[in-house]
């Protein structure tokens, strides 16, 4: 349950960082908004990225610790169940970092 919440926040923030056409962004974006205003909003969201990435890293560490703490007999079963989740979270973490970097490049010099 906790992992879903982290991924949901991450994906939502990821879409907002690139200015995706999600309903949340469309609802808060006034018509005719200029680039400076968009970049100011992106800068605020990019500022949230380190906290989100830290939560993802913490969750990955917890899952790896659960694998390490499992008894030898159960370790493989636990690893088989958790490894796909760990890989998915690593992929989300990488995408978030890439999106934040692209947003910063896109808005460089606009303030």
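Numbering (the numbering used here), first residue to last: 72 to 182.
C-beta atoms are modelled at their ideal positions from N, C-alpha and C, and glycine is treated no differently.
Judged by DSSP in its simplified three-state form, residue 133 adopts helix. Taking 8 Å as the upper bound for CB-CB distance, residue 124 and residue 167 are in contact here, some 6 Å apart.
Taken through DSSP and simplified to helix, strand or coil, residue 178 comes out as coil. Residues of the same chain with a CB within less than 6 Å of the CB of residue 113, apart from the 5 flanking positions on each side, are 174, 178 in chain order. The segment 120-134 and the segment 145-161 touch, with three or more beta-carbon pairs separated by less than 8 Å.
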